[in-house]
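Notes follow the structure.
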Amino acid sequence: MGRAVTVATCALNQWALDFEGNLERIFRSIDIAKSKGARYRLGPELEICGYGCSDHFYESDTLLHSFEVLGKLLESPATQDIICDVGMPILHRNVRYNCRVIFLNKKILLIRPKISLANAGNYRELRWFTPWSKARHVEEYFLPRIIQEVTGQETVPFGDAVLATKDTCLGAEICEELWAPNSPHIEMGLDGVEIFTNSSGSHHVLRKAHARVDLVNSATAKVCAFLLESSKGCDGDRLYYDGCAMISMNGETVAQGSQFSLDDVEVLVATLDLEDVRSYRAEISSRNLAASKVNPYPRVKVNFALSCPDDLAVPTCMPIQWRHHSPEEEISLGPACWLWDYLRRSKQAGFLLPLSGGIDSSATACIVYSMCHQVCLAVKNGNADVLADARRIVNDGTYIPEDPREFCKRVLTTCYMASENSSQDTCNRAKLLAEQIGSYHINLNIDVAVKALVGIFSVVTGRTPQFSVYGGSSRESLALQNVQARIRMVLAYLFAQLTLWARGMPGGLLVLGSANVDESLRGYLTKYDCSSADINPIGGISKTDLKSFIQYCIENFQLTALRSIMSAPPTAELEPLVDGQVAQTDEADMGMTYAELSIYGKLRKIGKAGPYSMFCKLINIWKELFTPREVASKVKHFFRMYSVNRHKMTTLTPSYHAENYSPDDNRFDLRPFLYNTSWSWQFRCIDKQVN
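Following UniProt numbering from start to finish, the sequence shown increments by one per residue and tops out at 691.
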């Protein structure tokens, strides 16, 4: 009957439109899977072209090159004697589908189009693809000539079907279908499918992994054995696909892949005993009653077995306990892996970070330092790809990164940009942290540039603006603060382009931003200041989580300089000092705490709350803290500030996506940027309830 089947699920760090690199990684994964005895290989969603092609999916070139890659796979001896399941876009009867192409020994067995498309948050699949709506229906797909020449097939099955091998039955799902309330695996399982596959393009969000694991284990508790695969890495935009490949059976995980890794190819292999699935199912009478009435799926017969005739002595996998990362570990690892992908694929020589001595820029520096740790660890473990990338980045063909501090000095330049409003404390904190992580550190003063710009304004207008403490208006004071902030951005880019040149080294540096998700939501940043950068690894992370991450770095990286940074109140240091001490603080400037900002952000985005709904929720959440009138005042202040500053989100630096309440205007949080900031109708409804 066939008992022990060996299957492989592959997490690949694919890159949008990198057809050559994507093909090489697919071949590598197949080689590894075969070497470990696998007879079935599952790859990521849209792995041939890359998941993040976006509007390139409209282009016929993307379809053509995907078929060219498929042809290379079909004709290669490497794909013989293993069922290969790959992802690519396909045009069927002039409709574009997100598909799985399943083939064996130069023959395409089935093209399975995606049924439920992801179309919320960061996902826009309905923009490029159409869901397959014909349940349990198969049509003929006419293959292009370049594939016909390899397979000898003119047409192949296209649609909602399952594969029947000599020893078992397999069904395919694609990403979102697992999350749908009517997941295909439910009906397929009732129809006798024993092994399910789910190829995914699921991105990292803090505290999300457990939901994915629970979904898979819950599915297998009801139906079968399950292989989940997800892409990994940065394939060209703000998202980091966090792997988490897994194999589960009868409600328990039997194999777990890494969530964060610098390995471009990770293959997870498990041997499963199908008799365990069969005996598990046979005991569930309610399942068997439902199965007796199910509408059958079309079956594609495959003259191939996943098991061997004499498999009684083959050891099978036992259940394991899934190990979840803490949120602090996720922040340490996810953005670090994303930065590494961005650095090596952009072919730059490192990063430049304006280091202010505050929590946000210090957390960004720590993430780069964590990246250096990951690189050294990967090289120590024999990762030749990481070693080759590191050597190219530092322009040294014999270099071996062994010490994270030493590698950090080569790839990270930090810069403290002082003004007359800066305190010696923040200068010392920045310098000490730079010493402890090993970055190449620069101290400079921007006062000459600030005075020059303000001087130009004074010459032209005959007026000289003053800070509020010297009798100036709030308009004057804000303008003078913004001049300082914007000069820092200009200098950051100047030093990023020419620092290595001045040191006699080749290449340029990527400028890192360090505005957190809460400041962006509130608009507490100067447009085109140091929040304007090439990329921002903490732009999707809350201040609260960053503080926890700083504590994690103190304990795990022994960065004692962070203790004084943690204890200091956050400040922009843009207003004059009072008796040599900082008088300006972020929370006083914002009129709200960072903890409150996180609550506003979650209610606005995740809770879908406008001003009135937010007030209704908060009078209960905060009933022990504030009166309804105080809550109303806080909600109104937030929405005024949010709407006044929303225009800043249109120029927000591309940021690592880590929170579901991110205000990223590019694709995740689509809103107007010109509001009626009085919110007159909404606020009147609040006032009525207060009264």
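From the three backbone atoms N, C-alpha and C, an ideal C-beta is built for every residue, glycine too. Remember, it's a predicted structure, so these values are computed and weren't measured experimentally.
- Among Tyr656, Asn428 and Ser678, nearest to Ser564 - alpha-carbon criterion: In the sequence shown, residue 564 corresponds to position 564, counting from 1. Residue Asn428 is the option with its Cα nearest to Ser564.
- Query: Span of the beta strand (DSSP E) holding Gly87?
  - Reply: Here residue 87 is taken as the residue at index 87 of the sequence shown, counted from 1. From DSSP, the beta strand (DSSP E) with Gly87 extends over Ile83 to His92.
- Task: May I ask you to report which of helix, strand or coil DSSP gives Lys380?
- Result: Translated into positions along the sequence shown, residue 380 becomes position 380. The answer is helix: DSSP assigns Lys380 an H, G or I state.
- Message: In the DSSP assignment, the alpha helix (DSSP H) including His637 goes from what residue to what residue?
- Response: Counted from its first residue, the sequence shown places residue 637 at position 637. His637 -> alpha helix (DSSP H) spans Pro628 to Asn645.
- Are the Cβ atoms of Ser230 and Asp85 separated by less than 8 Å? In the sequence shown, residue 230 corresponds to position 230, counting from 1. In the sequence shown, residue 85 corresponds to position 85, counting from 1. Cβ atoms of Ser230 and Asp85: not closer than 8 Å.
- Closer than 6 Å by C-beta to Ala270: which residues in its own chain qualify, once you throw out the five before and the five after it? Chain order, please. In the sequence shown, the residue the question calls residue 270 occupies position 270. Excluding residues within five positions, the ones whose Cβ falls inside 6 Å are Ile247, Val254, Ala255 and Cys317.
- Message: Here's the rule: buried if 16 or more other CB atoms are within 10 angstroms of the residue's CB, otherwise exposed. What is Glu555?
- Response: Along the sequence shown, one-based indexing puts residue 555 at 555. It counts as exposed.
- Message: Between Ala515 and His204, how many whole angstroms is the CB-CB distance? I'm expecting something under 8 Å.
- Response: In the sequence shown, counting from the first residue as 1, residue 515 sits at position 515. In the sequence shown, counting from the first residue as 1, residue 204 sits at position 204. Incorrect: roughly 20 Å between the Cβ atoms, too far for contact.
- Task: Kindly indicate the opening and closing residues of the alpha helix (DSSP H) around Ala496.
- Result: On the sequence shown, position 496 is the one that residue 496 refers to. That run of the alpha helix (DSSP H) goes Ser474 to Ala502.
- Please go through the same chain and pick out, in chain order, the residues whose beta-carbon is closer than 8 Å to the beta-carbon of residue 701, but skip the five residues on each side of it. Here the chain has residues from 1 to 691 only, and residue 701 is not among them.
- Query: In three-state terms, what does DSSP make of Val95?
  - Reply: Here residue 95 refers to the residue found at position 95 when the sequence shown is read from its first residue. Val95 carries a strand assignment under DSSP once its states are collapsed to helix, strand and coil.
- Would a C-beta distance cut-off of 8 Å place Ile174 and Lys232 closer than the cut-off? By one-based count along the sequence shown, residue 174 stands at place 174. By one-based count along the sequence shown, residue 232 stands at place 232. In this structure, Lys232 does not lie closer than 8 Å to Ile174 by Cβ.
- Message: My output table needs one value for Met246: the three-state DSSP class, helix, strand or coil.
- Response: Counting from 1 along the sequence shown, the entry for residue 246 is found at position 246. Residue state, collapsed to three classes: strand.
- Message: Suppose the cutoff is 6 Å on Cβ atoms and the five residues either side in sequence are ignored; what does the same chain contact list for Gly334 look like?
- Response: Taking the first residue of the sequence shown as 1, we reach residue 334 at position 334. In its chain, beyond the 5 residues on either side, His204, Tyr240 and Phe260 have a beta carbon closer than 6 Å to the beta carbon of Gly334.
- Message: My output table needs one value for Met649: the three-state DSSP class, helix, strand or coil.
- Response: Your numbering for residue 649 matches position 649 in the sequence shown. Here Met649 sits in helix by DSSP.
- Message: Buried or exposed, going by whether 16 or more other CB atoms sit within 10 Å of the CB of His137?
- Response: Working through the sequence shown from its first residue, we reach residue 137 at position 137. Exposed, since its Cβ has fewer than 16 Cβ neighbours within 10 Å.
- Task: Grab me the residues of His324's own chain with a C-beta within less than 7 Å of its C-beta, minus the 5 sequence neighbours each way, in chain order.
- Result: Indexing the sequence shown from 1 puts residue 324 at position 324. Closer than 7 Å at Cβ, skipping near neighbours: Ala209 and His210.
- Query: Ordered along the chain, which non-local residues of its own chain (more than five positions away) have a Cβ less than 6 Å from that of Tyr440?
  - Reply: As a working note, residue 440 is residue 440 in the sequence shown. Hits under 6 Å: Lys409 and Thr413.
- Take Gly52 and list the residues in its own chain whose beta-carbon comes closer than 6 Å to its own, dropping the five residues that flank it on each side. Against the sequence shown, residue 52 aligns to sequence position 52. Contacts found: Ala16, Asp235, Gly236 and Asp237.
- Using the C-alpha atoms, what's the distance from Val7 back to Glu187? The residue given as residue 187 occupies position 187 in the sequence shown. The residue given as residue 7 occupies position 7 in the sequence shown. Their backbone Cα atoms lie some 22 Å apart in a straight line.
- Item | Between the CA atoms of Leu574 and Tyr600 - distance to the nearest angstrom | Sequence index remark: in the sequence shown, residue 600 carries index 600 (1-based). Sequence index remark: in the sequence shown, residue 574 carries index 574 (1-based). Our two residues, Tyr600 and Leu574, have alpha carbons roughly 26 Å apart in a direct line.
- Item | Continuous alpha helix (DSSP H) stretch holding Val277: start and end | Looking up residue 277 in the sequence shown gives position 277. Per DSSP, Val277 belongs to the alpha helix (DSSP H) from Leu274 to Ala282.
- Fully enclosed by the stretch 206-269, which beta strand (DSSP E) runs are 3 residues long or longer? Segments of the beta strand (DSSP E) lying fully in the stretch 206-269: 225-230, 246-249 and 252-256.
- Query: Is the number of C-beta pairs between the stretch 107-124 and the stretch 657-671 that are closer than 8 Å three or more?
  - Reply: Using a C-beta cut-off of 8 Å, the stretch 107-124 makes contact with the stretch 657-671, since at least three inter-stretch Cβ pairs fall below that distance.
- Query: What's the call for Ser542, buried or exposed, on a 16-neighbour Cβ count within 10 Å?
  - Reply: Numbered from its first residue, the sequence shown carries residue 542 at position 542. In summary, Ser542 is buried, with 16 or more beta-carbon neighbours lying within 10 Å of its beta-carbon over all protein chains present.
- Item | C-beta contact flag for Ala349 and Gly508 at 8 Å | Residue mapping note: residue 349 aligns to position 349 of the sequence shown, counting from 1. Residue mapping note: residue 508 aligns to position 508 of the sequence shown, counting from 1. Going by C-beta atoms, Ala349 is nearer than 8 Å to Gly508.
- Helix or strand or just coil, what does DSSP make of Tyr40? Position 40 of the sequence shown, counted from the start, is the residue given in the question as residue 40. Three-state DSSP puts Tyr40 in a strand.
- Inspect the CB distances between the stretch 492-504 and the stretch 615-634 and report whether three or more fall short of 8 Å. As far as the Cβ criterion goes, the stretch 492-504 does not touch the stretch 615-634, which means the pair count is below three.
- What separation, rounded to the nearest whole angstrom, lies between the Cα atoms of Asn250 and Ile284? Here residue 250 refers to the residue found at position 250 of the sequence shown. Here residue 284 refers to the residue found at position 284 of the sequence shown. For Asn250 and Ile284, the distance between alpha carbons rounds to 12 Å.
- Mind reading off the beta-carbon distance from Val368 to Phe407? Whole number of angstroms is fine, and I expect it under 8 Å. One-based indexing of the sequence shown puts residue 368 at position 368. One-based indexing of the sequence shown puts residue 407 at position 407. Actually they do not touch by this definition, with Cβ atoms about 10 Å apart.
- Separation of Val690 from Phe467, as counted between CA atoms: Here residue 467 refers to the residue found at position 467 when the sequence shown is read from its first residue. Here residue 690 refers to the residue found at position 690 when the sequence shown is read from its first residue. For Phe467 and Val690, the distance between alpha carbons rounds to 38 Å.
- Let me know the secondary structure DSSP gives residue 694 once reduced to three states. A question about residue 694 goes unanswered here, because the residues of the chain that appear run from 1 up to 691.
- Query: Considering only the beta carbon of each residue, do Gln682 and Gly610 sit closer than 8 Å?
  - Reply: One-based indexing of the sequence shown puts residue 682 at position 682. One-based indexing of the sequence shown puts residue 610 at position 610. With respect to the 8 Å criterion, Gln682 and Gly610 are classified as neighbours on the basis of their beta carbons.
- With a cut-off of 8 Å on the beta carbons, I'd call Thr165 and Leu306 a contact; round off their distance for me. For the purposes of this step, residue 165 is taken as the residue at position 165 of the sequence shown. For the purposes of this step, residue 306 is taken as the residue at position 306 of the sequence shown. Yes, they are in contact, since the Cβ atoms of Thr165 and Leu306 sit about 6 Å apart, within 8 Å.
- Message: If distances are taken between C-alpha atoms only, which option among Leu453, Leu352 and Asn381 comes closest to Leu512?
- Response: As a first step, residue 512 is located in the sequence shown; it is residue number 512 there, counting from the start. If you compare the alpha carbons of Leu453, Leu352 and Asn381 with that of Leu512, the shortest gap goes to Leu352.
- Use the C-beta contact count for Phe57: other C-beta atoms within 10 angstroms, 16 or more gives buried, fewer gives exposed. Here residue 57 refers to the residue found at position 57 of the sequence shown. Label assigned to Phe57: buried.
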